[in-house]
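The structure appears right after this line, and notes come after that.
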Amino acid sequence: MNARSRTFDELVAEADAVSVDGWDFSWLDGRASEQRPSWGYQRQMAARLARARAGLDLDTGGGEVLDGAERLPPVMAATESWPPNLVRATRRLRPRGVVVVAVEQDGPLPFADGAFDLVTTRHPVANDWPEIARVLEPGGLYFSQQVGPASVIEIIEYFLGPQPDASRWRDPEDARTAAEAAGLEVIDLRLEQLHTEFRDIGAVVYFLRKVIWMVPGFTVAQYRDRLRDLHEQIEAEGPFQATTTRFLIEARKRPTADADADEHEGGEHV
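The opening residue of the sequence shown carries number 5 in my numbering; numbering runs sequentially from there.
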């Protein structure tokens, strides 16, 4: 049944009941669309994983993105903090030899110093730069696609009102500063603004239930009147338009003083 032939109550009830576990957005096919960044994160991530010796994927969700890589390093771990996603990721990734580890969202990473030569993450909730730097070996790489400043601000402001500081949220330059302070050298940093549209109110409900930081504490019951207004707007004017922002960051861990000294000493003995 076409979404536009269904009532507000039907669309909202369906979107409020469907599972939002994992990081697969295929439920939105035909109901919402999001332009993809030009750099092709998953393709680039897969290429780096194929060359790595030991990899770590942070905030892996249900493991969908990591599982898209054809070849994984001999040692591969992933972390996740949300229990439903942890179960999904373990089922998906364990057959490929990936160790999926439960972590606290703001807690330390349960890995030794310098354990990995590659750390990846797509759309992390936050970056613990000192911990990322700690688990990377000298010369190791951090590679990530992240949500940028004021992403889908049109949806956020529709429900929460004006957000005057939105342009400072998740600023790529703040990420650069924090990464460098932790001992990483940023070797690539790119930002793109992309087009997103929501074609029915069910798509909006599903999106806000899944991407929980957009409208914190979102529930259909709390925002039902506002949802109904938006449904009527979409019915009258067409899809709700929004701007998505994404940035790509790649950083290398600087060699330590001891590593530099060892390399220099080794050179003298050749």
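Just so you know, even glycine gets a beta-carbon here, dropped at the ideal spot from N, CA and C.
Cut-off 8 Å between Cβ atoms - residues of its own chain near residue i, not counting five sequence neighbours on either side
i: residue 28; result: 66 and 68
i: residue 40; result: 198
i: residue 180; result: 190, 193 and 253
i: residue 186; result: 133, 134, 136 and 137
i: residue 42; result: 196
Same chain, Cβ closer than 7 Å to residue i, neighbours up to 5 away in sequence not counted
i: residue 112; result: 135
i: residue 161; result: 167
i: residue 171; result: 153 and 154
i: residue 89; result: 25, 26, 65 and 66
Nearest-angstrom beta carbon gap, residue j and residue i [assumed within contact, 8 Å]
i: residue 63; j: residue 83; result: 7 Å
i: residue 127; j: residue 151; result: 6 Å
Pairwise C-alpha distance: residue j and residue i
i: residue 58; j: residue 202; result: 39 Å
i: residue 219; j: residue 212; result: 7 Å
i: residue 149; j: residue 51; result: 15 Å
i: residue 124; j: residue 24; result: 23 Å
i: residue 236; j: residue 222; result: 20 Å
i: residue 267; j: residue 209; result: For residue 267, the pLDDT reaches just 46, beneath the cut-off of 50, and the residue's location in the model is therefore unreliable, leaving the point undetermined.
i: residue 147; j: residue 10; result: 43 Å
i: residue 101; j: residue 165; result: 46 Å
i: residue 244; j: residue 200; result: 8 Å
i: residue 54; j: residue 93; result: 20 Å
Residue closest to residue i, alpha-carbon to alpha-carbon, out of the options
i: residue 142; options: 208, 116 and 256; result: 256
i: residue 120; options: 145, 72, 259 and 258; result: 145
i: residue 26; options: 228, 214, 242 and 233; result: 214
i: residue 122; options: 16, 140 and 128; result: 140
i: residue 14; options: 244, 260, 232 and 242; result: 232
i: residue 195; options: 205, 48, 174 and 55; result: 174
i: residue 61; options: 43, 131, 80 and 45; result: 80
i: residue 260; options: 229, 118 and 75; result: 118
i: residue 44; options: 178, 73 and 91; result: 73
Residues near residue i in its chain [Cβ-Cβ closer than 6 Å; skip 5 each side]
i: residue 4; result: Only positions 5 to 274 of the chain appear in the structure, and residue 4 is not among them; the question remains open.
i: residue 183; result: 133, 190 and 255
i: residue 216; result: none
Quiz item: Using 8 Å as the threshold, is the region 243 to 251 in touch with the region 155 to 165, meaning 3 or more CB pairs across them?
Solution: yes
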